[in-house]
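**Q** My numbering applies: residue 127 is where the sequence shown begins, and numbers increase by one.
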Amino acid sequence: MKTIKRNNKLLIIAVFLSIAVTSIYPQQGWQNLNTSFGGGDIYFKNTNTGIISGYRTTNAGNNWYSINFGGYMSFPDQNTGYSTSGAQIYKTTNFGDNYVMQINPSNLTLNDISFVNVNTGYACGETSKIVKTINGGANWFIVNNPLSIEYNLYKIQFIDSETGFVSGITYFLDTSVVMKTTNGGNNWNVQYYLPSNWGIFSAMYFVNTLTGYIGAASKGYMLKSTNGGVNWLQYNIPTSNRIYSIHFPSANTGYASCYSGQIIKTTNAGANWFLQTTGTGSELYNIFFINDLTGYCSGENNTVLKTTDGGGAPIGITPISNEVPKDFLLEQNYPNPFNPVTNINFSIPKVGYTSIRIYDITGRLVHTLFETQLAPGSYKADWNASQMPSGIYIYRIESGSFTHSRKMIMIK
């Protein structure tokens, strides 16, 4: 009997420790909430309260209940929001408890909506139509734009009361377009044309009036502008799938949801992007982050994903031990010399923003292997140097105040 009691005590202690460790080091990555809905737009006004696909939670996604408000949403304040669904426009003043229907003068499908305050907002949709209200939706009117042919406008975003962007595509001329206004929609200027075989301009996000991103499909690029859309640069991304949604919770950290269950992330303002593990192959239509680490993503097949650690480690970083290490460690790469792939093992004893960067022998940065928030643990990262010349390289880890460097040799 004493042995049984002792074993029970040990079991209770083990369960307690398991709960404690889980609280200190929460489960990493994207977790499927196993909802009965998904695919719709997302908005959270704080860490607990948000709306996805016409369902609302007040306890950070643990429970959901149906409300009669969804579609493409824009909330200019904590409780006042507008949405479009098909050709309809809706307004709520109590975060979705009730809504009123408004008149869409275009009578056409609207694909996106953006409000800069509770009174002034815009929506865009089929046949190049942009509609606007200046009185909280009591009246909407069609805004003229310079497009003489019919574009399907997918995304619209206003940064302030004067500056806004809209993007879309026409299948007749096989071109994608971005337009900009600096006078509240009275005049629009075409910023960028691109053949649509590069991809549909189906995702757009501006961090501020100068810095914006456009995601598309098929070529493995993300477009970025740092001068308000005057010029756009192409940045490589680790997918050629269609990008559906982009969100930057801060200037440097951004996420994009894609076809085939992919999510990509940047922590250096789009210079580098890496894939994350999502555990699903469903198309992911919308992504929204409350802060740099906590976010939601929704997609087909009733998929709603959540993360509280920024999506976990990038693909290519593999945990190799469940034990929490006592000290920081950067091991010698193996094999070494190598051609063209090598492995780098490292350990971190506490939660920290961690990066490994690779430099040539002159000290020039040639590759950022990753930079992201990591939980305590031991990991393996792979570097494929197939695009680099033979030579000596230096790899350097930074995690909190810890830094360490080692040399490696690549021989082709």
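Just so it is clear, CB atoms sit at the ideal spot from N, CA and C, and this is done for glycine as well.
What you are looking at is a predicted structure, and each value in this text was computed from that prediction instead of being measured.
(1) I'd like to know if Glu497 contacts chain B, where contact means its C-beta is closer than 8 Å to some C-beta of that chain.
(2) Please determine, among Val467, Ile441, Ile484 and Leu431, the residue with the shortest C-alpha to C-alpha distance to Leu500.
(3) Taking Val304 as the reference, which of Gly489, Pro272, Glu288 and Gly310 has the closest Cα?
(4) For Gln204, is the classification buried or exposed, using 16 other Cβ atoms within 10 angstroms of its Cβ as the cut-off for buried?
(5) Runs of 3 residues minimum, wholly inside the segment 494-522: which ones carry the beta strand (DSSP E) assignment?
(6) What residue does the beta strand (DSSP E) around Ile177 start on, and which one ends it?
(7) Determine which residues share a DSSP beta bridge with Arg532 and list them.
(8) Taking the straight line between their C-alpha atoms, what separation do you get for Ile239 and Pro515?
(9) Thinking just about the alpha-carbon of each residue, which of Glu497, Thr404 and Pro475 is nearest to the one in Gln157?
(10) In chain order, which continuous runs of the beta strand (DSSP E) of length 3 or greater are located wholly inside the segment 375-445?
(11) For Asn220, which of Ile193, Pro231 and Ser351 has the nearest alpha-carbon?
(12) What does DSSP give as the partner residue(s) for Thr480 in the beta ladder?
(13) Cutting at 7 Å between CB atoms, please list the residues of its own chain near Asn94, excluding the five before and the five after it.
(14) Shortest alpha-carbon distance to Ser504 belongs to which of Ile446, Thr468 and Ile518?
(15) Out of Glu457, Ala329, Tyr277 and Lys506, which has the shortest C-alpha to C-alpha gap to Lys533?
(16) Could you tell me how far apart the beta carbons of Ala382 and Gly341 are, in whole angstroms, since I believe they sit closer than 8 Å?
(17) Have a look at Asn160 and Gly180 and give me their C-alpha separation to the nearest angstrom.
(18) Give the C-beta separation of Gln154 and Ala439 to the nearest angstrom, bearing in mind that I take them to be a contact with Cβ-Cβ under 8 Å.
(19) Looking at C-alpha atoms only, which residue of Tyr248, Ser424, Gly166 and Ser531 is the closest neighbour of Tyr485?
(20) According to DSSP, is Thr542 helix, strand or coil?
(21) If you drop the 5 nearest sequence neighbours on each side, which residues of the same chain put their C-beta closer than 7 Å to that of Asn462?
**A** With the structure as the only source:
(1) In the structure shown, chain B does not exist; there is a single protein chain.
(2) Ile441
(3) Pro272
(4) exposed
(5) 503-510
(6) Gly176 to Ile178
(7) Tyr521
(8) 49 Å
(9) Thr404
(10) 380-384, 389-392, 400-402, 410-415, 421-425 and 429-433
(11) Ile193
(12) Thr498 and Ser525
(13) Because the chain spans 127 through 538 in this model, residue 94 falls outside it and cannot be assessed.
(14) Ile446
(15) Glu457
(16) 5 Å
(17) 16 Å
(18) 7 Å
(19) Ser531
(20) This structure leaves residue 542 out entirely; the chain is present only between 127 and 538.
(21) Thr468, Met534 and Ile535
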